[in-house]
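Engineer: Using our numbering, you'd call the opening residue of the sequence shown number 177 and step up by one each time. All C-beta atoms in this analysis are idealised placements derived from N, C-alpha and C, irrespective of residue type, glycine included.
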Amino acid sequence: MTATVDLAAIRHNAGVLRERAGGADVMAIIKADAYGHGVRPVARAAHEAGIRHYGVARLPEGIHLREDGHRGRILVLGAPAAAQLPRYAEYDLDLTVPSAEVAAAVVRHASPNAPLRVHVTVDTGMGRLGLAPDDVPAVMARLADAPGVRLAGLWTHFATADAPGSSFAKTQLDRFRAVVDAVDVDVEHVHAANTGALLTLGEPAYEFEASLVRSGIALYGLAATPELSARLDLRPAMRLTARVTHLKTVSAGTPVSYGAEWQAPRRTRIATLGVGYGDGYPRRCCGRASVRVGGALCPIVGTICMDMCMVNLGPPDKAPATRVDRGDEAVLFGPAGPTVYDVAQWADTIPYEILCGVSPRVPRRHVNCADGALARAAQSAAPRV
Ligand SMILES: *Cc1c(COP(=O)(O)O)cnc(C)c1O
Numbered sequence: 177m178t179a180t181v182d183l184a185a186i187r188h189n190a191g192v193l194r195e196r197a198g199g200a201d202v203m204a205i206i207k208a209d210a211y212g213h214g215v216r217p218v219a220r221a222a223h224e225a226g227i228r229h230y231g232v233a234r235l236p237e238g239i240h241l242r243e244d245g246h247r248g249r250i251l252v253l254g255a256p257a258a259a260q261l262p263r264y265a266e267y268d269l270d271l272t273v274p275s276a277e278v279a280a281a282v283v284r285h286a287s288p289n290a291p292l293r294v295h296v297t298v299d300t301g302m303g304r305l306g307l308a309p310d311d312v313p314a315v316m317a318r319l320a321d322a323p324g325v326r327l328a329g330l331w332t333h334f335a336t337a338d339a340p341g342s343s344f345a346k347t348q349l350d351r352f353r354a355v356v357d358a359v360d361v362d363v364e365h366v367h368a369a370n371t372g373a374l375l376t377l378g379e380p381a382y383e384f385e386a387s388l389v390r391s392g393i394a395l396y397g398l399a400a401t402p403e404l405s406a407r408l409d410l411r412p413a414m415r416l417t418a419r420v421t422h423l424k425t426v427s428a429g430t431p432v433s434y435g436a437e438w439q440a441p442r443r444t445r446i447a448t449l450g451v452g453y454g455d456g457y458p459r460r461c462c463g464r465a466s467v468r469v470g471g472a473l474c475p476i477v478g479t480i481c482m483d484m485c486m487v488n489l490g491p492p493d494k495a496p497a498t499r500v501d502r503g504d505e506a507v508l509f510g511p512a513g514p515t516v517y518d519v520a521q522w523a524d525t526i527p528y529e530i531l532c533g534v535s536p537r538v539p540r541r542h543v544n545c546a547d548g549a550l551a552r553a554a555q556s557a558a559p560r561v
């Protein structure tokens with residue numbers, strides 16, 4: 177099986193995001209191997225599209241990018257351990273200060289020879305990382321006075337920005353604005369918006385001076401819901417395909433897969449695909465999911481195994497069964513459907529988890545498709561490289 181990633185779509189989405197963000201810069205969020213898309217080629221594509229700010233979750237992700245020769249600013253969004261601080265200086269990575277304790281450690285470690293660039297984060301309602309709003313001005317003042325410390329950012333994160341009209345997101349934004357107003361030291365960037373806030377709150381979420389929009393999911397052509405992603409001209413960048421590894425015709429009553437929970441209701445053509453939950457295709461999709469094969473949407477039947485699953489092609493003497501051969505490609509998800517949203521719904525989860533869940537054993541094939549070609553290459557044809 178293969179995850180085909182269209183870097184032209186990544187560049188297109190980056191351009192769309194930059195345009196929507198207006199005067200704010202886009203920080204491309206490329207944590208978790210760029211949401212499963214492959215961080216090295218995605219970072220390069222984003223750079224080609226003019227993006228100069230990057231966000232990752234953990235220190236090793238930032239180090240990996242630097243070792244690959246990646247230039248541009250890289251912010252590690254997660255909380256640093258005190259022992260890691262020298263590595264931030266060594267690899268020129270921006271760090272997150274989520275507490276007074278980390279601020280104190282930064283003041284101790286920073287020196288004019290090994291400066292640390294810090295982004296102070298404030299918890300306005302996400303309840304995850306960050307200083308209490310009232311504690312921010314004093315911590316910022318202390319950092320501003322410390323030799324070798326550069327105040328690169330002040331930021332917060334929304335809990336409900338994916339929901340259009342969320343009053344809690346507006347409350348968070350009001351709290352953040354009050355913090356920004358209360359701070360009287362210079363800070364390079366002020367940032368709050370993720371993809372959801374860009375799409376639902378709009379400009380008020382990024383109209384701070386020298387603001388950034390931290391966007392991840394939209395870079396990959398999606399949002400939390402299809403309704404949200406339709407607000408921008410985005411192109412889904414990943415297509416997950418698997419080969420038909422075996423074909424057979426079974427008689428009525430023949431059980432298929434573990435637990436023998438599904439039996440063929442009549443004479444049926446069954447295709448076995450070389451993809452399973454070991455590749456990140458959720459087992460939870462059993463009994464709900466379809467794949468595109470032989471030019472049709474065909475249901476997955478029986479339990480999804482670790483490395484394989486079975487697909488009902490219908491009556492053996494009719495299409496699509498007559499059109500499917502061993503070695504043909506089936507689409508698990510892609511721009512032409514089923515979509516990542518479909519799979520997320522079948523698995524009772526969010527599109528993010530489907531993308532990040534595509535496991536390391538699935539080869540990533542990076543291509544550059546002409547406009548929308550990944551969508552049109554919905555069936556077995558490989559997209560133009
Ligand atoms: C992951 C993350 C983002 C990106 O969120 P999207 O919804 O993918 O745009 C932004 N900010 C922080 C702090 C994050 O952890």
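Alpha carbons only, please: which of 356, 381 and 445 is nearest the one belonging to residue 336?
Structural biologist: Taking the sequence shown and counting its residues from 1, the one referred to as residue 336 is at position 160. Of the candidates 356, 381 and 445, the one whose C-alpha sits nearest the C-alpha of residue 336 is 381.
Engineer: Which value, in whole angstroms, describes the spacing of the CA atoms of residue 351 and residue 522?
Structural biologist: Mapped onto the sequence shown, residue 351 falls at position 175. Mapped onto the sequence shown, residue 522 falls at position 346. Roughly 37 angstroms separates the two Cα atoms.
Engineer: Would the C-beta of residue 264 count as close to ligand 1, meaning under 8 angstroms from any of its heavy atoms?
Structural biologist: For the purposes of this step, residue 264 is taken as residue 88 along the sequence shown, with counting starting at 1. Incorrect: residue 264 has no Cβ contact closer than 8 angstroms to ligand 1.
Engineer: Where do the N-terminal and C-terminal ends of the alpha helix (DSSP H) with residue 532 fall, by residue?
Structural biologist: Taking the sequence shown and counting its residues from 1, one reaches residue 532 at position 356. Counting along the chain, the alpha helix (DSSP H) containing residue 532 begins and ends at 527-533.
Engineer: Given a threshold of 16 other Cβ atoms within 10 Å of its Cβ, counted over all protein chains shown, does residue 566 qualify as buried or as exposed?
Structural biologist: Limits of the chain in this structure are 177 at one end and 561 at the other, which puts residue 566 out of reach.
Engineer: Skipping 5 residues on each side, what residues in its chain have a beta carbon closer than 7 angstroms to that of residue 279?
Structural biologist: In the sequence shown, counting from the first residue as 1, residue 279 sits at position 103. Counting only Cβ-Cβ distances below 7 angstroms, and skipping sequence neighbours, we find 273, 315, 318 and 319.
Engineer: Out of 358, 333 and 463, which one is the CA nearest neighbour of residue 346?
Structural biologist: Sequence index remark: in the sequence shown, residue 346 carries index 170 (1-based). With distances taken between Cα atoms, residue 346 lies closest to 333.
Engineer: Around the C-beta of residue 232, are 16 or more other C-beta atoms found within 10 angstroms, so that it is buried, or is it exposed?
Structural biologist: As a working note, residue 232 is residue 56 in the sequence shown. Residue 232 comes out buried.
Engineer: Can you tell me which residues form a DSSP beta bridge with residue 318?
Structural biologist: Stepping through the sequence shown from its first residue, residue 318 is reached at position 142. Answer is none; residue 318 lacks a bridge partner.
Engineer: Measure the C-alpha to C-alpha separation of residue 180 and residue 499 and round it to an integer number of angstroms.
Structural biologist: Here residue 180 is taken as the residue at index 4 of the sequence shown, counted from 1. Here residue 499 is taken as the residue at index 323 of the sequence shown, counted from 1. Rounded to the nearest angstrom, the two C-alpha atoms are 23 angstroms apart.
Engineer: I need the DSSP call for residue 287, collapsed to helix, strand or coil.
Structural biologist: Counting from 1 along the sequence shown, the entry for residue 287 is found at position 111. Residue 287 falls in the strand class under three-state DSSP.
Engineer: Within the present structure, is the beta-carbon of residue 393 separated from the nearest heavy atom of ligand 1 by less than 8 angstroms?
Structural biologist: Along the sequence shown, read from residue 1 onward, the residue named residue 393 stands at position 217. True, at least one ligand heavy atom lies under 8 angstroms from that Cβ.
Engineer: Just to confirm the assignment, what range does the alpha helix (DSSP H) spanning residue 261 have?
Structural biologist: Reading the sequence shown from its first residue, position 85 is the one you call residue 261. Per DSSP, residue 261 belongs to the alpha helix (DSSP H) from 261-266.
Engineer: For residue 556 and residue 481, what's the separation of their Cα atoms in angstroms?
Structural biologist: As a first step, residue 556 is located in the sequence shown; it is residue number 380 there, counting from the start. As a first step, residue 481 is located in the sequence shown; it is residue number 305 there, counting from the start. Note on residue 556: pLDDT 40, under 50, position unreliable in the model; the coordinate value appears next. The straight-line gap from Cα to Cα measures roughly 23 angstroms.
Engineer: Starting from the Cα of residue 477, find the closest Cα among 452, 277, 463 and 457 and give me that residue.
Structural biologist: Translated into the one-based positions of the sequence shown, residue 477 becomes position 301. It is 463.
Engineer: Please confirm whether any heavy atom of ligand 1 lies closer than 8 angstroms to the CB of residue 372.
Structural biologist: For the purposes of this step, residue 372 is taken as the residue at position 196 of the sequence shown. Residue 372 Cβ: within cutoff of ligand 1.
Engineer: Assuming residue 416 contacts residue 508 under a Cβ cut-off of 8 angstroms, what Cβ separation, rounded to an integer in Å, is found between them?
Structural biologist: Reading the sequence shown from its first residue, position 240 is the one you call residue 416. Reading the sequence shown from its first residue, position 332 is the one you call residue 508. Yes, residue 416 and residue 508 are in contact; Cβ-Cβ is about 4 angstroms, under 8 angstroms.
Engineer: Beta carbon of residue 249, beta carbon of residue 264: below 9 angstroms?
Structural biologist: In the sequence shown, residue 249 corresponds to position 73, counting from 1. In the sequence shown, residue 264 corresponds to position 88, counting from 1. Against a cut-off of 9 angstroms, the Cβ pair of residue 264 and residue 249 comes out as no contact.
Engineer: May I ask you to report which of helix, strand or coil DSSP gives residue 196?
Structural biologist: As a working mapping, residue 196 is identified with position 20 in the sequence shown. It is helical.
Engineer: So within the segment 435-511, which uninterrupted beta strand (DSSP E) runs reach at least 3 residues, ignoring any that extend past its ends?
Structural biologist: Counting whole runs of 3 or more residues, the segment 435-511 contains the beta strand (DSSP E) stretches 444-449, 466-469, 472-477, 485-490 and 505-509.
Engineer: Roughly how many angstroms lie between the CA atoms of residue 189 and residue 396, to the nearest whole one?
Structural biologist: Locating residue 189 in the sequence shown gives position 13, where the first residue counts as 1. Locating residue 396 in the sequence shown gives position 220, where the first residue counts as 1. Going from the Cα of residue 189 to the Cα of residue 396 covers about 7 angstroms.
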